[in-house]
Amino acid sequence: REQGTPEKPAAGIRVIREPRLREMSLGEWDGRYVSEIMERYPEEYRKRGENLLSYKFGNDSENFYDLRYRVMKGFRSILRREREAGGGKDVLIVAHQGVIGAILSDVRHTELGEEIKKPVPNGGVVLADFT
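With the numbering used here, letter number 66 in the sequence shown gets 56, and the count goes up by one each step, no holes.
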């Protein structure tokens, strides 16, 4: 099969950039090393660890419930666009583990906390059939 790039995909492949499938926003913590967060915000880091699904640090951050809500809007938008374009084709989503866990939790009707704990190695693949 012909190779492509994100700017010019191979023939027959359509690339959709969906910002709602970006990784979780940690607000002020974004871009910092975990060791730095633990040192500068020990109490907040502990609280997040105790309540991983719903804890947020600051107004600009998300928790896992926020993430799932945003991600599922983007995921459904992709599926809707694919159906409107004729459907019937496979869809590949490239995303972070938290995003993958949020999607799987919603479509499988499983506990969000359990899905986000399932490891997806860097470059790993999760296959799911939503037909």
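Where a beta carbon is used, it is the ideal one built from N, C-alpha and C, also for glycine.
> How many whole angstroms separate the CB atoms of Ile68 and Ile6, which I take to be in contact at a CB cut-off of 8 Å?
Replying inline: Right, the Cβ-Cβ distance comes to about 6 Å (below 8 Å), so this counts as a contact.
> Grouping DSSP H, G and I as helix and E and B as strand, with all else coil, what is Ser16?
Replying inline: For clarity, residue 16 is Leu in the given sequence; the question names Ser instead. Looking at Leu16 - three-state DSSP - the assignment turns out to be strand.
> For Ser51, does the three-state DSSP call read helix, strand or coil?
Replying inline: strand
> Val116 by DSSP, collapsed to three states: which one?
Replying inline: coil
> Skipping 5 residues on each side, what residues in its chain have a beta carbon closer than 6 Å to that of Asn112?
Replying inline: Contacts found: none.
> When we look at the beta-carbon of Gly64 and count the other beta-carbons within 10 Å, is it buried (16 or more) or exposed?
Replying inline: buried
> Between Val81, Glu26, Glu101, Asn53, which lies nearest to Arg38 when the distance is taken from Cα to Cα?
Replying inline: Asn53
> Would a C-beta distance cut-off of 7 Å place Ser116 and Ile90 closer than the cut-off?
Replying inline: According to the sequence provided, residue 116 is Val. The question's Ser does not apply to it. Yes, Cβ-Cβ distance for Val116 and Ile90 is below 7 Å.
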